[in-house]
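See below for the structure under consideration.
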Amino acid sequence: MRLTRYFLPVLKENPAEAQIASHRLMLRAGMIRQASAGIYSWLPLGFKVLSRLEQIVHEEQQRAGHIPLLMPTLQPADLWQESGRYNAYGPEMLRIRDRHERDMLYGPTNEEMITDIFRSAVSSYKELPLTLYHIQWKFRDEVRPRFGVMRGREFLMKDGYNFDLTMEDALHAYNRHLVSYLRTYERMGLQAFPMRADTGPIGGDYSHEFLVLAPTGESEVFYDSDATGLRFGDRDIDFTDRAALQQVYDDWTAIYARTDETHDEAVYAERVPEERRRTARAIEVGQIFYFGTKYSEPMKALVVNEQGERVPVHMGSHGIGVSRLVGALIEANHDDRGIIWPEGVTPFHVGIANLKQGDGAADAACDALYAGLKARGLDPLYDDRSERAGAKFATLDLIGLPWRITVGPRGLANGVVELTSRRTGESEEMSPEAAIDRVAQIYAKV
RNA sequence: CGGGCUAUAGCGCAGUCUGGUAGCGCGUUCGACUGGGGGUCGAAAGGUCGUGAGUUCGAAUCUCGCUAGCCCGACCA
Numbered sequence: 135m136r137l138t139r140y141f142l143p144v145l146k147e148n149p150a151e152a153q154i155a156s157h158r159l160m161l162r163a164g165m166i167r168q169a170s171a172g173i174y175s176w177l178p179l180g181f182k183v184l185s186r187l188e189q190i191v192h193e194e195q196q197r198a199g200h201i202p203l204l205m206p207t208l209q210p211a212d213l214w215q216e217s218g219r220y221n222a223y224g225p226e227m228l229r230i231r232d233r234h235e236r237d238m239l240y241g242p243t244n245e246e247m248i249t250d251i252f253r254s255a256v257s258s259y260k261e262l263p264l265t266l267y268h269i270q271w272k273f274r275d276e277v278r279p280r281f282g283v284m285r286g287r288e289f290l291m292k293d294g295y296n297f298d299l300t301m302e303d304a305l306h307a308y309n310r311h312l313v314s315y316l317r318t319y320e321r322m323g324l325q326a327f328p329m330r331a332d333t334g335p336i337g338g339d340y341s342h343e344f345l346v347l348a349p350t351g352e353s354e355v356f357y358d359s360d361a362t363g364l365r366f367g368d369r370d371i372d373f374t375d376r377a378a379l380q381q382v383y384d385d386w387t388a389i390y391a392r393t394d395e396t397h398d399e400a401v402y403a404e405r406v407p408e409e410r411r412r413t414a415r416a417i418e419v420g421q422i423f424y425f426g427t428k429y430s431e432p433m434k435a436l437v438v439n440e441q442g443e444r445v446p447v448h449m450g451s452h453g454i455g456v457s458r459l460v461g462a463l464i465e466a467n468h469d470d471r472g473i474i475w476p477e478g479v480t481p482f483h484v485g486i487a488n489l490k491q492g493d494g495a496a497d498a499a500c501d502a503l504y505a506g507l508k509a510r511g512l513d514p515l516y517d518d519r520s521e522r523a524g525a526k527f528a529t530l531d532l533i534g535l536p537w538r539i540t541v542g543p544r545g546l547a548n549g550v551v552e553l554t555s556r557r558t559g560e561s562e563e564m565s566p567e568a569a570i571d572r573v574a575q576i577y578a579k580v
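Now the structure itself:
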């Protein structure tokens, strides 16, 4: 993409309403624009990152054997009356009435709807196990939205629901989600820890939250410093291998890591040596639940088992806050000049800064670089504005592309361009061809 | 939902106390000089001062209502 043909409304000054880094930087980098409290338009750059996160989530869910579908944002109230949550949910649920005076709601989650879909189509244990998920906008009418997309009212969430015959099967689904989530966050360049969690208004008795350490996080967490050494890495997991998944679950949950909601001083003191105890703030970016027959019983989601008995299915629900992750990524990856995207989620792979727009040699070199990068399947952003070097560097630093190729008459006289890492600031001079190779190499691993 | 605050040009703000018909910086447009970290000079465009009523000869400014937004707390993916 050529910057002069893109839509990137960056701000030089900080908007007054933005208190935390991610909110401030998303506004300044032209990623989002507020439409109303806690409701945002996603401008092209933000939309690109959001779409990239969606893509990673889709890939990892399907790798785990989960099936995508798409349910509506607006739901009929009667489903929620059936589960008993229509009255239980409170004013956070946005209630709407249509022209026929029918009570509707903008879905804050989809347990009822998915259970309705399931029960109308599945009646035998032979069709289990089944895990369905979607990535869809949700609405929770927060009293006090804040921190940009980190705590909006409208938010994009991946929510998945497993249907199993037995608790053992459902716990295997639980482990599948735990492992697929670990993979998902690592691909995004984030280290997220599973922490034992309260089950909250959704209910149930088996739950972990995934938290990313960040000073602006809303949760206080207590953990063993050994947890920060955990890496999922490139392990190629067979998601049907129960023992292997259980092992990952055991490895990751053995180390003490809890939020303030479930923190237990006595257990903490007993299991974690004093010098390894850590307290920090963290952002919640996902949560998994096993809740058994909480919805399948009242909503009659029954299947016939091998003995010919009709039994309620065991369910769980599993969420990843996709739009919130954009904020979390920035909280975990920025400096005073702007965002620093991990390679796995960057909106463009590399920025090209032409330091003398209109100069024949510089223009030609940039055009060749741009074409060469595209030919290698890369997505470059070419800053072809008639701006001075400082302005181009500032813009590219702000929007956080992890790599920049700087092209100027001075280097071109020696046949070189400069490849600079946004994260370390280190640069290296090399031929344009070598720069293309290097960037291609970097992204081959992502 | 309790407490506090704000609303003036795309963004950040001054002007409000003491009423007299709106200003600064950034950004934008045009021209020139520039060209390796938001450059310089010159010209220009852009505002029903959130909204409704009231007071007044006259309201961004005073009074009352309404709306929207922000901060702290409680709540929350």
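Throughout the first sequence, residue numbering follows the numbering used here, covering 135 to 580 in sequence.
Ideal placement from N, C-alpha and C gives every residue a C-beta, glycine not left out.
- The criterion of a C-beta distance shorter than 8 Å is not satisfied by ILE473 and ILE417.
- Annotated three-state conformation of TYR240 is strand, per DSSP.
- Considering only GLY506, GLY524 and ARG471, the residue with the shortest C-alpha distance to ALA155 is ARG471.
- When secondary structure is reduced to three states using DSSP, ILE474 falls in the coil class, being assigned neither helix nor strand.
- Per DSSP, the unbroken alpha helix (DSSP H) holding MET301 starts and ends at 301 to 321.
- In this structure, the beta-carbon distance from THR427 to PRO407 does not fall below 8 Å.
- The alpha helix (DSSP H) runs of length 4 or more contained entirely in the segment 398 to 429 are, from start to end of the chain, 399 to 405.
- A direct Cα-to-Cα measurement between HIS452 and ARG197 gives close to 16 Å.
- C-alpha of GLU562 to C-alpha of ALA574: approximately 16 Å in a straight line.
- Between PRO432 and VAL484, the alpha-carbon positions lie close to 53 Å from each other.
- One thing to note: ILE464 has its Cβ no nearer than 8 Å to the Cβ of VAL541.
- Using a C-beta cut-off of 8 Å, the segment 200 to 218 makes no contact with the segment 393 to 403, since fewer than three inter-stretch Cβ pairs fall below that distance.
- Ranked by Cα distance from ALA331, the options GLN421, PRO143, LEU239 and ASP531 are led by GLN421.
- Here the alpha carbons of PRO149 and ARG167 stand approximately 11 Å from one another.
- Scanning its chain for C-beta atoms nearer than 8 Å, with the 5 sequence neighbours on each side dropped, one finds around TYR577 the residues GLU477, HIS483 and LEU512, in chain order.
- Under the three-state reduction of DSSP, ASP275 is assigned to coil, being neither helix nor strand.
- Excluding the 5 residues flanking it on each side, GLY492 has same chain C-beta neighbours closer than 7 Å at SER520, in chain order.
- ASP372 counts as exposed, since fewer than 16 other C-beta atoms from the protein chains shown sit within 10 angstroms of its C-beta.
- Collapsing the DSSP output to three states places PHE482 in coil.
- For the pair ASP360 and ALA509, the Cα-to-Cα distance works out to about 44 Å.
- The segment 170 to 178 makes no contact with the segment 542 to 556, as fewer than three CB pairs between them are under 8 Å.
- In the three-state reduction of the DSSP assignment, PHE327 falls in the strand class.
- Residue burial annotation: GLU343 is buried, with at least 16 other C-beta atoms found within 10 angstroms of its C-beta.
- Taking every protein chain shown into account, the CB of LEU145 has fewer than 16 other CB atoms within 10 angstroms, so this residue is exposed.
- Secondary structure note for THR362: it is in no beta strand (DSSP E), with a DSSP letter that is neither H nor E.
- Under the three-state reduction of DSSP, MET291 is assigned to strand.
- Between the alpha carbons of MET564 and ASP275 lies a distance of about 53 Å.
- In this structure, the alpha-carbon of PHE141 lies about 10 Å from that of MET135.
- Distance between HIS200 and ASN548, taken at the CA atoms: about 54 Å.
- The C-alpha of HIS448 is placed about 6 Å away from the C-alpha of PHE297.
- Nearest to VAL437 by C-alpha distance, out of GLU261, GLY294, ARG544 and GLN153, is GLU261.
- Here PRO328 is buried, its C-beta having at least 16 other C-beta atoms within 10 Å.
- In this structure, GLU246 lies near TYR429, with their beta-carbon atoms less than 8 Å apart.
- PRO536 sits buried, since 16 or more C-beta atoms from the chains shown fall within 10 Å of its C-beta.
- When secondary structure is reduced to three states using DSSP, ARG280 falls in the strand class.
- Inclusion of ILE173 and GLU288 in the CB contact set at 8 Å is warranted, their separation being smaller than that value.
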